[in-house]
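Reading through the C-alpha cells given below for one structure.
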Amino acid sequence: MSASSPLPVSGAWRPGDAPGRRRFRDLGDLLLESGTTLPEVRLAYETWGELAPDASNAVLVLHALTGDSHVRGPAEDGHPTAGWWDHLVGPGLPIDTDRWFVIAPNVLGGCQGSTGPSSDAPDGRRWGSRFPHVSVRDQVEAELALAQRLGIDGWALVIGGSMGGMRALEWAVGHPGRVDRLAVIASGAAASADQIAWSSAQAAAICSCDGFAGGDYYDAPDGRGPQKGLGVARRIAHTTYRTAEELADRFDNRRRAEPDGRYEVSSYLDHHADKLIRRFDANSYLVLTGAMDGHDVGRDRGGIAAALARVTARTLVVGVDTDRLFPLSMSERIAEGIDDARFHVIHSVLGHDGFLVDSPALADWIRDLLGGRSGRQSARVVAVSAAAGSSDPARRQEHADAHSAELKRSP
Numbered sequence: 002m003s004a005s006s007p008l009p010v011s012g013a014w015r016p017g018d019a020p021g022r023r024r025f026r027d028l029g030d031l032l033l034e035s036g037t038t039l040p041e042v043r044l045a046y047e048t049w050g051e052l053a054p055d056a057s058n059a060v061l062v063l064h065a066l067t068g069d070s071h072v073r074g075p076a077e078d079g080h081p082t083a084g085w086w087d088h089l090v091g092p093g094l095p096i097d098t099d100r101w102f103v104i105a106p107n108v109l110g111g112c113q114g115s116t117g118p119s120s121d122a123p124d125g126r127r128w129g130s131r132f133p134h135v136s137v138r139d140q141v142e143a144e145l146a147l148a149q150r151l152g153i154d155g156w157a158l159v160i161g162g163s164m165g166g167m168r169a170l171e172w173a174v175g176h177p178g179r180v181d182r183l184a185v186i187a188s189g190a191a192a193s194a195d196q197i198a199w200s201s202a203q204a205a206a207i208c209s210c211d212g213f214a215g216g217d218y219y220d221a222p223d224g225r226g227p228q229k230g231l232g233v234a235r236r237i238a239h240t241t242y243r244t245a246e247e248l249a250d251r252f253d254n255r256r257r258a259e260p261d262g263r264y265e266v267s268s269y270l271d272h273h274a275d276k277l278i279r280r281f282d283a284n285s286y287l288v289l290t291g292a293m294d295g296h297d298v299g300r301d302r303g304g305i306a307a308a309l310a311r312v313t314a315r316t317l318v319v320g321v322d323t324d325r326l327f328p329l330s331m332s333e334r335i336a337e338g339i340d341d342a343r344f345h346v347i348h349s350v351l352g353h354d355g356f357l358v359d360s361p362a363l364a365d366w367i368r369d370l371l372g373g374r375s376g377r378q379s380a381r382v383v384a385v386s387a388a389a390g391s392s393d394p395a396r397r398q399e400h401a402d403a404h405s406a407e408l409k410r411s412p
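Under this note's numbering, the letters of the sequence shown match residues 2 to 412, in that order.
Next up, the structure:
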C-alpha cells in the first residue's frame, strides 16, 4: 500500500494476508482474570534458532505496545516494517540464535495474527466492541499456554522493554520457577498516574473520532474509520517516547517550505501517525493500553515489594536516563526489590525509545546476562544501586557510573 493510498480502516493482519514468517498456535479457551472465558484463542509468533532436545535454550522476547512478533528480519510481504531488535537478536549477536532458540509472540489483544478485537469471533463476525478486557496477567497466561504446547517448560531468558517489560516482570513474579534469567528494560512494576493520564488522552482521541462507531468500524470503507483518532493517539504517544531536547535539536521551531508551511516537528509526528495507521488497529490500541493501565505486579500479592521478592531469576534491569514515560526511578524500584538484580542506565537523548535503538552498552549487558555469570553481587554494588535513587542528578549520575564500573569488574 502506497503512502498516498487511502488510510485503511484497520491495519490489522487478517487471515488471507501474506503470513510472512509468522507461525500460529491454537490454544483453546482462556479463562481471563475478569472471570470471562475468551474462546478459541490463537497466538501468532516467530522463531529463530533451533530448540535443544531438552528445550533448555528457549528465550522469550516480548514486544512493546505497537510492536509485534517481527523482532528480526527485513520488511517484506506480511511484515510492513523491519525487525525492531535486529541489532540484538541473530547469529553472533547478544541473543545469539546459533545458541538460543528465540520465540517472539504477538501479544494477546494485538492485531498482527494473535486473537484480538480485529479477529473473527466464533460467530464469524469481528470481535470489535465485544472483545473483553485483558490484563497483563492474561497475556502472560496465553504465552504460558503457547510455551506448553511447544514443549517448553521454562525459559533461559525472558526479556522485554516497555509493555514487553511489564509482561517479562509478570512472568518472573507469577511463574518464578519457569524463568532462569530476566531482563526488564525501560519498564515499571506498576502503571503510574502519569502514564494512565497520557493513555486516557490517547483513548479519548480514538473514542471521540466519528469513524470509531463504538468500536464496530470494520465494515466501513477505507478512509472512513477511526484513522484520525488513532493518528492523534500516536502523535501524543510518540511525543512521550522522545525528549524535548531531541525534538529541539532535530526541528527547533522551523517550518517546512511552502506550500504547506507546517512546522517540521508537526510533519514528523504526522509521518509516524500515518505509518502506524497502516499497520495497527484502533481497538487493539485501546485493549493494550488498557492492559498497561492496569499493570501492577503487587495487586493481590501483598504489594509490589512482596511481589518482587518472589523473583528467583538472575535479573538485569535497565532504565533510560531521559525517559519521561517510564522514569528511571521506576526501573530503580524494580532493581531494588529483586534480590541481587543488576541495574544499568542507558544514557540517551532519545528518551523512552532509547531502548529500541542500537546501544553497545545494552548489547554488552544482555550478552553478559546470557554468558552465565553469577548474578550474585557484593553488598557494595547493591548499595550503589540503592543510592542511585538520589534526586540530585549529579549524584545519580555518579552512582550510576560507579555501579556500571563495578559490574564490569564483577567475576
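Built from N, CA and C at the ideal position, the CB exists for glycine as well.
Taking the C-beta atoms as reference points, residue 63 is found no nearer than 8 Å to residue 150. Secondary-structure assignment with DSSP links residue 46 through a beta bridge to 24, 106. Taking C-beta separations shorter than 6 Å and ignoring five residues to either side along the sequence, the partners of residue 146 in its chain run 28, following chain order. Under DSSP, residue 344 shares a beta bridge with 318. With a minimum length of 4 residues, the unbroken runs of alpha helix (DSSP H) contained wholly in the segment 183–266 fall at 194–208, 228–242, 245–252. A buried status is given to residue 333, since no fewer than 16 other beta-carbon atoms sit within 10 Å of its beta-carbon.
Going by C-alpha positions, residue 279 is about 5 Å away from residue 12. In this model, residue 196 and residue 256 are separated by some 30 Å (Cα to Cα).
Straight through space, the alpha carbons of residue 204 and residue 194 are spaced by roughly 15 Å.
Between the segment 33–45 and the segment 95–103 there are fewer than three inter-stretch CB-CB distances shorter than 8 Å, so the stretches are not counted as touching.
Residue 128 has its alpha-carbon roughly 5 Å from the corresponding atom of residue 122. Of the candidates 338, 188, 292, 338 places its Cα closest to the Cα of residue 310. Boundaries of the beta strand (DSSP E) harbouring residue 158: 158–162, taken from the DSSP string.
Counting C-beta atoms within 10 angstroms of its own C-beta, residue 25 has fewer than 16 neighbours from the protein chains shown and is therefore classed as exposed.
The shortest CA-to-CA distance from residue 136 to any of 328, 355, 290 is the one to 290. The three-state secondary structure of residue 311, taken from DSSP, is coil. For residue 288, the enclosing alpha helix (DSSP H) begins and ends at 283–294.
For residue 371, the uninterrupted alpha helix (DSSP H) run begins and ends at 361–371, by DSSP. For the pair residue 42 and residue 143, the CB atoms are nearer than the 8 Å cut-off. Rounded to whole angstroms, the separation of the alpha carbons of residue 31 and residue 40 is 6 Å. Beta-bridge annotation (DSSP): residue 32 is paired with 38.
In this structure, DSSP gives residue 301 a state outside helix and strand, which the three-state scheme calls coil. Exposed is the label assigned to residue 251, since fewer than 16 other Cβ atoms lie within 10 Å of its Cβ. Of all alpha-carbon atoms in 301, 117, 372, the one lying nearest the alpha-carbon of residue 45 is that of 117. Sequence-distant partners of residue 365 (beyond 5 residues in either direction) whose C-beta falls short of 8 Å from its own C-beta, in its chain, are 95. Around residue 101, the same chain offers 50, 58, 60 as residues with beta carbons nearer than 6 Å, after the five sequence neighbours per side are excluded. Excluding five sequence positions before and after residue 69, the CB atoms of its chain that fall closer than 6 Å to its own CB belong to 107, 113, given in chain order. With respect to the 8 Å criterion, residue 184 and residue 317 are classified as neighbours on the basis of their beta carbons. For residue 71, the CB contacts under 6 Å within the same chain, skipping 5 residues up- and downstream, are 80, 84 in chain order. DSSP, read as helix, strand or coil, puts residue 51 in coil. Linking residue 243 to residue 351 through their CA atoms gives a straight-line distance of about 5 Å.
When DSSP states are grouped into helix, strand and coil, residue 174 belongs to the helix group. Scanning its chain for C-beta atoms nearer than 6 Å, with the 5 sequence neighbours on each side dropped, one finds around residue 299 the residues 305, 308, in chain order.
Counting the other Cβ atoms within 10 Å of the Cβ of residue 262 gives fewer than 16, which makes it exposed. Cβ-Cβ distances below 7 Å link residue 239 to 270, 273 in the same chain, with the five nearest sequence neighbours on each side left out; the list follows chain order.
DSSP lists 80 as the beta-bridge partner residues of residue 77.
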